[in-house]
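Q: If you want my numbering, it's the 1-based position in the sequence shown plus 16. Cβ coordinates follow ideal geometry from the N, Cα and C atoms, glycine included.
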Amino acid sequence: MVTLWGNYEGISQGSASDSTINSGYQVISSGGSVTSTTIYRGGEQSIHNAGLATGTIISGGEQLVSSGGSAVDTTIEGGLQTILNGGNVSGTLISGGVQRVSSGGSAVDTTVEEGLQTV
């Protein structure tokens with residue numbers, strides 16, 4: 017378990033679980049994977065280049081999924097999930113935040129309870 021306060025955590029070809037991002041920056045790439053990360057306001061998680069994030073909770077922060085990155089079963093309680101060209105997400109639950117799907121990004125099986133999905 018890692019708690020980030022303004023720090024940087026890079027995960028490449030490894031894994032991490034139960035991380036908390038308060039005001040830091042977590043990057044998952046090159047086959048790296050994370051599970052059960054919570055992102056608070058001021059925190060950011062970036063996933064690209066064969067990185068995978070599963071079970072992330074966005075609670076005021078941002079998850080950015082770009083080329084080759086994947087996010088599965090994300091819950092947006094407040095904050096933003098952005099899917100850029102080549103990014104893929106599935107099983108997102110929006111319960112108070114925003115999912116923004118840009119051109120070339122893919123979002124499947126999104127459930128909107130409260131919040132917004134923009135395509």
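Tell me whether the beta-carbon of ILE63 lies closer than 8 Å to the beta-carbon of ALA32.
A: To locate residue 63, count along the sequence shown from 1; it is residue 47. To locate residue 32, count along the sequence shown from 1; it is residue 16. No, these two residues do not count as a Cβ contact at 8 Å.
Q: What is the C-beta distance between ALA69 and VAL43, in whole angstroms, given that I count them as a contact (C-beta under 8 Å)?
A: As a first step, residue 69 must be located in the sequence shown, where it is residue number 53. As a first step, residue 43 must be located in the sequence shown, where it is residue number 27. With 8 Å as the limit, ALA69 and VAL43 do not qualify as a contact, their Cβ atoms being about 11 Å apart.
Q: Quickly, what does DSSP pair ASN104 with across the bridge? List them, please.
A: The count along the sequence shown starts at 1 and reaches residue 104 at position 88. ASN104 is bridged to SER86, SER122.
Q: Return the Cβ separation of ILE27 and GLY59 in integer angstroms, given the expectation that the two are a contact with Cβ distance under 8 Å.
A: Within the sequence shown, the letter at position 11 stands for residue 27. Within the sequence shown, the letter at position 43 stands for residue 59. That belief does not hold up - the Cβ atoms of ILE27 and GLY59 are roughly 15 Å apart, past 8 Å.
Q: Roughly how many whole angstroms lie between the Cα atoms of ASN104 and SER83?
A: What you label residue 104 is simply residue 88 of the sequence shown in a count that begins at 1. What you label residue 83 is simply residue 67 of the sequence shown in a count that begins at 1. Going by the C-alpha atoms only, they are around 8 Å apart.
Q: Determine the burial state of THR53: buried for a count of at least 16 other Cβ atoms within 10 Å of its Cβ, exposed for fewer.
A: For the purposes of this step, residue 53 is identified with residue 37 of the sequence shown, where counting begins at 1. Buried, by the Cβ-count rule.
Q: Indicate whether ALA66 and ILE99 have their beta-carbon atoms separated by less than 8 Å.
A: Indexing the sequence shown from 1 puts residue 66 at position 50. Indexing the sequence shown from 1 puts residue 99 at position 83. Cβ atoms of ALA66 and ILE99: not closer than 8 Å.
Q: Would you report the Cα separation of ASP89 and SER106, rounded to the nearest angstrom?
A: Locating residue 89 in the sequence shown gives position 73, counting from the first residue. Locating residue 106 in the sequence shown gives position 90, counting from the first residue. ASP89 and SER106: Cα-Cα distance of roughly 6 Å.
Q: Using C-beta distances below 6 Å, list every residue in its chain close to SER118, excluding the 5 sequence neighbours before and after it, in chain order.
A: By 1-based counting over the sequence shown, the position of residue 118 is 102. Cβ neighbours of SER118 beyond the five flanking positions: LEU100.
Q: Let's test the definition: count the other Cβ atoms within 10 Å of the Cβ of VAL81 and tell me whether it reaches 16, buried, or not, exposed.
A: Your numbering for residue 81 matches position 65 in the sequence shown. The residue is buried, with at least 16 neighbouring Cβ atoms inside 10 Å.
Q: Tell me whether the beta-carbon of ASN38 lies closer than 8 Å to the beta-carbon of TYR24.
A: For the purposes of this step, residue 38 is taken as residue 22 along the sequence shown, with counting starting at 1. For the purposes of this step, residue 24 is taken as residue 8 along the sequence shown, with counting starting at 1. The answer is no: Cβ separation not under 8 Å.
Q: Assuming GLY113 and GLY94 make a contact with CB atoms under 8 Å, what is their CB distance in whole Å?
A: On the sequence shown, position 97 is the one that residue 113 refers to. On the sequence shown, position 78 is the one that residue 94 refers to. With a Cβ gap of about 5 Å, GLY113 and GLY94 count as contacting.
Q: For THR126 and THR72, I'd like the C-alpha separation in whole angstroms.
A: Indexing the sequence shown from 1 puts residue 126 at position 110. Indexing the sequence shown from 1 puts residue 72 at position 56. Computed Cα separation, rounded: 14 Å.
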